[in-house]
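K.L.:
Let me give you the structure first, and then I'll get to my questions.
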Amino acid sequence: MSVLLPSALSALIPGAIRRLRAGPTPELPPPVRDALPAVMRLLGAIPVVRSLGSQAAVNYFGYATSPRPRELTLATDYPTWRTLTDRRWTGRHLPPADSPTQDRWPAASDVVGLFRREGPMTPSDDTSAMFMFFAQWFTDSFLRTDPTDPRRNTSNHEIDLCQIYGLTEDATQKLRGRRGRLRSQLINGREFPDFLLERDATGGWRVRPDFAGLHDERFLFDRLLDGTSDEHKATFFAVGLPHGNSTIGQTMMNTVFFREHNRIADELAATYPAWDDDRVFQTARNTMIVLILKLVVEQYIRHIAPFDLPLQVVPRLADLERWNRPNWCAVEFDLLYRWHQLTPDTIRIGGRAVPVWQLVNNNPLVLAEGVETLMAACSRQRAGKIGLRNTPSFLVDRSDPADGPSVEERTVELMRTARLRSYNDYREAFGLQRFTRFEELTTDEDLVRRLQKLYDHVDDVEWYVGIFAEEYASYWMMGELVTTMVAYDAFTQALTNPLLAANVFHESTFTRVGMKTIDGTTSLQDIVRRNAADGDQVQVDFSC
Numbered sequence: 008m009s010v011l012l013p014s015a016l017s018a019l020i021p022g023a024i025r026r027l028r029a030g031p032t033p034e035l036p037p038p039v040r041d042a043l044p045a046v047m048r049l050l051g052a053i054p055v056v057r058s059l060g061s062q063a064a065v066n067y068f069g070y071a072t073s074p075r076p077r078e079l080t081l082a083t084d085y086p087t088w089r090t091l092t093d094r095r096w097t098g099r100h101l102p103p104a105d106s107p108t109q110d111r112w113p114a115a116s117d118v119v120g121l122f123r124r125e126g127p128m129t130p131s132d133d134t135s136a137m138f139m140f141f142a143q144w145f146t147d148s149f150l151r152t153d154p155t156d157p158r159r160n161t162s163n164h165e166i167d168l169c170q171i172y173g174l175t176e177d178a179t180q181k182l183r184g185r186r187g188r189l190r191s192q193l194i195n196g197r198e199f200p201d202f203l204l205e206r207d208a209t210g211g212w213r214v215r216p217d218f219a220g221l222h223d224e225r226f227l228f229d230r231l232l233d234g235t236s237d238e239h240k241a242t243f244f245a246v247g248l249p250h251g252n253s254t255i256g257q258t259m260m261n262t263v264f265f266r267e268h269n270r271i272a273d274e275l276a277a278t279y280p281a282w283d284d285d286r287v288f289q290t291a292r293n294t295m296i297v298l299i300l301k302l303v304v305e306q307y308i309r310h311i312a313p314f315d316l317p318l319q320v321v322p323r324l325a326d327l328e329r330w331n332r333p334n335w336c337a338v339e340f341d342l343l344y345r346w347h348q349l350t351p352d353t354i355r356i357g358g359r360a361v362p363v364w365q366l367v368n369n370n371p372l373v374l375a376e377g378v379e380t381l382m383a384a385c386s387r388q389r390a391g392k393i394g395l396r397n398t399p400s401f402l403v404d405r406s407d408p409a410d411g412p413s414v415e416e417r418t419v420e421l422m423r424t425a426r427l428r429s430y431n432d433y434r435e436a437f438g439l440q441r442f443t444r445f446e447e448l449t450t451d452e453d454l455v456r457r458l459q460k461l462y463d464h465v466d467d468v469e470w471y472v473g474i475f476a477e478e479y480a481s482y483w484m485m486g487e488l489v490t491t492m493v494a495y496d497a498f499t500q501a502l503t504n505p506l507l508a509a510n511v512f513h514e515s516t517f518t519r520v521g522m523k524t525i526d527g528t529t530s531l532q533d534i535v536r537r538n539a540a541d542g543d544q545v546q547v548d549f550s551c
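The opening position of the sequence shown corresponds to residue 8 in our numbering, with each subsequent residue numbered one higher.
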């Protein structure tokens, strides 16, 4: 039986489900709620059910709003050829808001105050800190705001593992080693990327000559490395993106995928000894990109979805769908992914509680503890619950006015620079009912009072505030609108990857070695185990 439903039926399913949905997601009786994950696992064990169910779920969200191309970008407020073709300008889902709406905006400082964590962290129901680190690492590869102009981006708009391969072919060549591998070194018997920096004649630090031009060196030294220790500089790895050493999560994820690339390259080289270096590298790279696509759909989005829906990547699914258009990341996609609330105050590592800010710029910790040990620790640690009043203060408040706006202040500032429309406008655009009262947004009486003080009417609530104010049932990870928008953008920009197309996804592209690896990978833990010294002992999970 074909895994593709007739195109007309596929288009009807989302609309039919949407008409049945009215208002916020309701809580279910505990027996029903607790039984549904087991039911989903049983259904997911039936291949045809899983394939057809995955297609229905993808199309449900793929048709949540009109497909790309979008009429406008952040370049202009009216259509131009540039807004339709120049992807250096960040896209947008809806036209900009009118100025009267802007006149009703509350003070930015009051809006930012809605996000501040008040007292101890409110924990998520089942999301681990490992999920948080994966989310940051994954999205940093394509949600890339230009630091000199927030209307523009530096993204390839693809899920292409530029985290380890770089954004350009020139960067890729600098990172490549021999026989299809990425350049590496052994540290305490474990494989890591080469270091990027070395001491110069004056005792200062410089980029190694063989990595010259890999990253913007002015940005590297003036922004990323400014104020960091010599120990951090000495252990700064040469990876695809300049922020690839910014947290232990970035370093852990880069190392895991870096090792898996080299493992696959070694197996390909041994299986096909007549192949030249480039064919080994490119085949390993193709295989790796499909692996990340599988993890994104089958583990990452599956975790976000309620009841552990048994999603899977269905190759060739996008070929007949109207949402199969060139990728173009939107400013809303960038902002909705700023899940700062996930950040815990501490993470327990080796029996001690490490403040989360100490996990920034700390490759020495990764080398001392080991990637697998840290991943296991993060998998046991509960992340914060997504919602207002749960963002750590260091991301909300300025530690020093001279440092400029805080992370949350910059986010609100970008939302307003982009003149995003109201929360209710986005609900309507994505097929959800508009709210008429604050009490429909949340039943938290204190939060209702605070929102009413800032906004005259629920129609005035700003989008970035509304998506995190929205109340949701315990079996959801976040509110209905943000879940819908995440799924829409994720599915329509992951499953359009050319490696999943009908005339590309076959053994001649990936080889038997690659296809076996793809078929045998369903989780991040599979990849970690294949490259760990004691794989059976490794525990990596997005649930906690």
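Each residue gets a CB set at the ideal place from its N, CA and C atoms; glycine is no exception.
(1) Which of the three DSSP states, helix, strand or coil, is assigned to E447?
(2) Excluding the 5 residues preceding and the 5 following T380 in the sequence, name in chain order all residues of the same chain whose CB lies nearer than 7 Å to its CB.
(3) Give me the residue from M137, D133 and W112 with the minimum Cα distance to V363.
(4) So, is Y471 buried or exposed, given that buried needs 16 or more other C-beta atoms within 10 angstroms?
(5) Name the two residues that bound the continuous beta strand (DSSP E) containing D552.
(6) What first and last residue would you give for the beta strand (DSSP E) that runs through L204?
(7) Look up Q306 in the DSSP assignment and say whether it is helix, strand or coil.
(8) I need the DSSP call for L421, collapsed to helix, strand or coil.
(9) Pick out the complete alpha helix (DSSP H) segments inside the segment 50–114, 4 residues or longer, and give them in chain order.
(10) In terms of alpha-carbon separation, which member of P351, G394, S116 and W212 lies closest to D451?
(11) Near I311, which residues of its chain fall below 8 Å by C-beta distance, leaving aside the five closest residues on each side in sequence?
(12) Going by the CB atoms, is the gap between G256 and F401 shorter than 7 Å?
(13) Quick one: give me the first and last residue of the beta strand (DSSP E) that F199 is part of.
(14) Have a look at N269 and V56 and give me their C-alpha separation to the nearest angstrom.
(15) Ordered along the chain, which non-local residues of its own chain (more than five positions away) have a Cβ less than 7 Å from that of R456?
(16) Can you give the beta carbon distance from T97 to C336, rounded, assuming they're within the 8 Å contact cut?
(17) Between which two residues does the beta strand (DSSP E) holding A476 run?
(18) Counting along the chain, where does the alpha helix (DSSP H) carrying T179 start and finish?
(19) Between L553 and F228, is the Cβ-Cβ spacing less than 7 Å?
(20) At what residues does the beta strand (DSSP E) containing L193 begin and finish?
(21) Could you give the C-beta distance for L101 and D341, rounded to a whole number, given that I count them as a contact under 8 Å?
(22) What does V338 pair with, by DSSP beta-bridge criteria?
(23) May I have the straight-line CA-CA distance separating R28 from F437, to the nearest angstrom?
(24) For R389, which residues does DSSP report across the bridge?
(25) Here's the rule I'm using: 16 or more other beta-carbon atoms within 10 Å means buried, otherwise exposed. How should W330 be labelled?
P.N.:
Straight from the coordinates:
(1) helix
(2) none
(3) M137
(4) buried
(5) Summary: the structure shown does not reach residue 552, with the chain confined to residues 8 through 551, and so no result is reported for it.
(6) L204 to R206
(7) helix
(8) helix
(9) 54–69, 88–92 and 106–110
(10) G394
(11) M484, M485, T490, V493 and A494
(12) no
(13) R197 to P200
(14) 35 Å
(15) none
(16) 7 Å
(17) Per DSSP, A476 belongs to no beta strand (DSSP E); it is in the alpha helix (DSSP H), W470 to A476.
(18) E176 to L182
(19) No answer is possible for residue 553: it lies beyond the span of the chain, which begins at 8 and ends at 551.
(20) S191 to I194
(21) With a Cβ gap of about 14 Å, L101 and D341 do not count as contacting.
(22) Partner(s): none; V338 has no beta bridge.
(23) The predicted model places R28 with a pLDDT of 43, which falls under 50 and marks its position as unreliable; any figure quoted below should be read in that light. About 12 Å.
(24) S135
(25) buried
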